[in-house]
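In the working numbering, the protein residues as written are 285 to 439.
Note that CB positions come from ideal geometry on N, CA and C, so glycine has one too.
Okay, so here's the structure we're looking at.
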């Protein structure tokens, strides 16, 4: 008897909520972006005299890789949260929004080659944006973590 016989293996089906499916889609799209940014980084490394990509091209690539896996982790908390779908989707959406905005800002700086430190001479708007990012990311995840604790330990 072949243990890998397709008749013996049954596909496990898991019904994911729409909030989880959308968060997983975001993770996949961010990962695809990271792969594309890796090509851009490689091209800069291959063609530059010092074989280095612009710092913000490198940062955009690495950030997109990290944020894609962070979004995958967020999807797990979304799925295991006891909060209503709309709460989970809103919290995950805030996180993903700020992840994508951060990556986009790195892409812009990498494309323009206008700085190697976006905080050098930063305007008050930059600091307001950073406060919004901090509150949004930490607050969004705190909502999901609380929903996870409620659903998995308290309910």
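For residue 336, no alpha helix (DSSP H) encloses it, and the DSSP letter there is neither H nor E. Taking residue 329 as the centre and dropping the five residues before and after it, the same chain places the C-beta of 335, 336, 337 closer than 8 Å to its C-beta, in chain order.
With a 10 Å radius around the Cβ and a threshold of 16 neighbouring Cβ atoms, residue 372 comes out buried. Here the region 341 to 354 makes contact with the region 310 to 326; the two share three or more CB pairs at distances below 8 Å. Approximately 19 Å separates the beta-carbon atoms of residue 431 and residue 382; this is outside 8 Å, ruling out the contact. A distance of 7 Å or more separates the beta carbons of residue 435 and residue 332. DSSP places residue 396 in the helix class (H, G or I) of the three-state scheme. Of 360, 302, 299, 364, the smallest CA-CA separation from residue 437 is found for 364. In this structure, the straight-line span from the alpha carbon of residue 320 to that of residue 327 is close to 11 Å. Distances from the CA of residue 401 to each of 385, 429, 390 were compared; the closest alpha carbon is that of 390. The continuous alpha helix (DSSP H) containing residue 303 extends over residues 302 to 331. Between the beta-carbon of residue 428 and that of residue 395 there is about 33 Å, and that puts the pair past the 8 Å contact cut. The Cβ atoms of residue 345 and residue 312 do not sit closer than 7 Å to each other. Around the Cβ of residue 297, a 10 Å sphere holds fewer than 16 other Cβ atoms; the residue is exposed.
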